[in-house]
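Below you'll find the structure, written out as structure tokens, and then a few comments.
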Amino acid sequence: MLLTTQARMTSRAAVPALRSPGSRRLWLGLLFVSPWIIGFCGFYLYPFFATLYYSFTSFTGIGNPTFTGLANFDALVHDATFRTALFNTFYYTVIEVPFSTIAALGLAMLLNMNVRGQAFYRTLFYIPSIVPVVASSLIFVWIFQPSFGIVNALLADVHINGPAWFFSITWSKPTFILLGLWGMGQPMVIYLAALQGVPKEMYEVASLEGAGPWQRLRYVTIPMISPIILFNVILSLVLSIQYFTQAQVIESPPGSPGNSTMFYVTYYYQQAFQYLHLGYASAMAFLLFILVLIVTVVLLKTSSRWVYYENEER
Amino acid sequence: MTRQLRRIGASASKHLVLILLGCVFGLPLIWMVGTSFKTDGQALQLPVVWWPHPFLWSNYPQLFAALPIWRFFLNTFVYAAITIVGVLISSSLVAYGFSRLKWPGRDALFYVMLTTMILPFICTLIPLFVMYKRFGWIGSYLPLEVPTFFGSSVFSTFLLRQFFMTIPQSLSEAARIDGANEFFIYSRIILPLAKPALATVILFQFIYCWNDYLGPLIYISNQNSYPLSLGLDLILGDYTTNWAWVMAGATAATAPIVVLFFVTQRTFIQGIALTGTKG
């Protein structure tokens, strides 16, 4: 019944006649997204489940994996280097993410206050974030070079004996955090665009009702841009949990000094590609997946308390 | 009078903060460029020599002669060009399917695609490596290029979808009434209208390849095939104490991207705003 009326309405759909317009639409949609569906199955779904399988095996890449049950996970629990790697990544993440979020937001707000030369400053703060990551790593090794670097030279001018930075067990991680903060121009530009999207009238109304600058920030600005903050925090959390490249470029051997820069992925890389402990490394990968999943779900679940969606019905 | 003074004071303190921070942010880059024009001795001289004297150009030709830097540039360009083609074709098709067509399950599948963005890369790496090894792809750029033809750049797909959504549906409907098929609408109506978004995708993909260190580190082993990122790493390993050379390499890798940024600034900022703010 429905078919005949619709077929009368659109003569084109009536030509194949056998298929309903609904299933025709479905096939057309699937046809357009088929490159991704193929890619998703081949480059995500299959390797993901294969990783899960390998994590229960002993595997060197040659021959077949042999099933070992929970042996890899059991070994991980007792592996001191693994615990160090977990701690180092945790350390980096819990300091870098909040700091760069607050700094990027603060800077964006400052630039949003009708500052003359806004475009100039925006460019200046953004450029470090597009410097190729290997280049920025080299720059930081050089400026933080213990004996000839400019940072320690400037510190010496004010009679401070600078540490060895990347090559000091205590200072290596904080120095990586500084390198991360140098690249906060990316979120800053996003926040600035978001701030410029907040309607001016809202501030006017708030001011009329006697809201001071702090209250306007708390009750207008933050709620209005909270979805973007959430999106950026999730993204930067996921990225910093996988922190690897800078540490790999800068530290030689990777992880030094004294395992202080042995990040989670650094250790994974060593296990997988140096020692060919593919089963063990797969178990690490799977645990990281669980970790990222928990962090993301917790953030999304708690976000309903502080994230405000404009077109949401209450 | 006092109000005016306070306004000037507030404005001055804003600029003071910005200028101070600006110096902190700019200093590493200035120091990089400065060092690259110094003699090796001057680079290590204390107290600090702020500006190279004499101004030495020869670090660049010497570095380019010592290592096949031009080759690294070329490899990077080829890698970028091929993946740009892949991303343009596959991401625009997929984005079209996720935005201009209505079909059951579309949004659910779209969210599945978005969640792959948070999947850590190491969760798929080992089986992929084993698979590529079986294909005989290790040592070539194929493991990094082929997936881009299958919508692996979720970021680009997302960006294009966001843009396609802003094009009025009435355009497609009018074309459908005139009897145009869906592929015609995609290629002759939507894509021409999406040129700014496609430009952003090209730009971001180029920068991604220019920056990519991890992918080549895993799959490329022959020095002749190195992209710039691995080549730079090589400079640090081989000429660790020659900081003028190391900084010349860093400058050579950074300068094209910064120039590109200034030339395409508007595309850049629009692209960031498009993906970052319209979740």
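As given, the protein sequences belong to chains A and B, one line each in that order.
According to the numbering used here, the first sequence is numbered sequentially starting from 52.
According to the numbering used here, the second sequence is numbered sequentially starting from 1127.
Beta carbons are placed, not taken as given, at the ideal position from N, Cα and C, and that holds for glycine.
Cβ-based burial, residue i [other Cβ within 10 Å; buried from 16]
i	result
B:Asp1359	buried
B:Gln1331	buried
A:Leu189	buried
B:Arg1260	exposed
B:Lys1164	buried
B:Glu1308	buried
A:Leu243	buried
B:Met1243	exposed
A:Gln266	exposed
B:Cys1149	exposed
B:Phe1341	The residue you asked about is not Phe; residue 1341 of chain B is Gly in the sequence shown. It is buried - the Cβ of B:Gly1341 has at least 16 other Cβ atoms within 10 Å.
A:Met52	For A:Met52, the predicted structure reports a pLDDT of 39, less than 50, and the residue's modelled location is therefore unreliable. The matter cannot be settled from this model.
B:Met1239	buried
A:Met239	buried
A:Tyr294	buried
B:Phe1310	exposed
B:Ile1134	exposed
A:Phe100	exposed
Nearest-angstrom Cα separation, counted from residue j out to residue i
i	j	result
B:Tyr1237	B:Phe1284	11 Å
A:Ala155	A:Met235	6 Å
B:Ser1218	B:Ile1398	18 Å
B:Trp1157	A:Pro197	16 Å
A:Tyr359	A:Met253	15 Å
B:Cys1470	A:Gly93	No information on residue 1470 of chain B is available, as it lies outside the stretch 1127 to 1405 that chain B covers here.
A:Val166	B:Leu1153	22 Å
A:Phe227	B:Val1372	19 Å
A:Gln247	B:Arg1197	44 Å
A:Asn310	B:Leu1182	39 Å
B:Ala1206	B:Trp1336	7 Å
B:Pro1173	A:Ala204	7 Å
B:Ala1364	A:Gly200	The question names Ala, but residue 1364 of chain B in the sequence shown is Asp. If you take the alpha carbons of B:Asp1364 and A:Gly200, they lie about 19 Å apart.
A:Tyr105	A:Leu329	7 Å
A:Asp125	B:Phe1387	50 Å
B:Gln1396	B:Pro1322	9 Å
B:Pro1230	A:Leu77	6 Å
Residue-level contact to chain A via CB, residue i, 9 Å cutoff
i	result
B:Asn1337	yes
B:Leu1424	This structure gives no information on residue 1424 of chain B, because the portion of chain B shown stretches from 1127 to 1405.
B:Phe1199	no
B:Phe1275	yes
B:Leu1297	no
B:Asp1359	yes
B:Met1291	no
B:Thr1326	no
B:Ile1398	yes
B:Tyr1352	no
B:Trp1196	no
B:Ser1278	yes
B:Leu1227	yes
B:Leu1343	yes
Contact with chain B by residue i, beta-carbon distance below 9 Å
i	result
A:Leu81	yes
A:Phe324	yes
A:Arg76	yes
A:Ala159	no
A:Pro98	yes
A:Thr347	yes
A:Trp222	no
A:Ile146	no
A:Gln321	no
Per-residue DSSP class, three states only, for residue i
i	result
A:Thr108	strand
B:Phe1163	coil
A:Val314	With the sequence shown as reference, residue 314 of chain A is identified as Phe, and Val is not the correct amino acid for it. Residue state, collapsed to three classes: coil.
B:Thr1393	helix
B:Phe1198	helix
B:Ile1328	helix
A:Gln196	coil
B:Asn1348	coil
A:Trp233	helix
B:Gly1152	helix
B:Asn1337	helix
A:Met164	coil
A:Ser219	coil
B:Thr1292	coil
B:Asn1307	coil
A:Glu260	coil
A:Glu255	helix
Residue i: CB within 8 Å of a non-hydrogen atom of the ligand ZN
i	result
A:Ile273	No copy of the ligand ZN occurs in the structure displayed, which carries no ligand at all.
#### Entry: 4 or more residues per run - each alpha helix (DSSP H) lying fully within the region 85 to 154 of chain A
You should have 97 to 105, 122 to 128.
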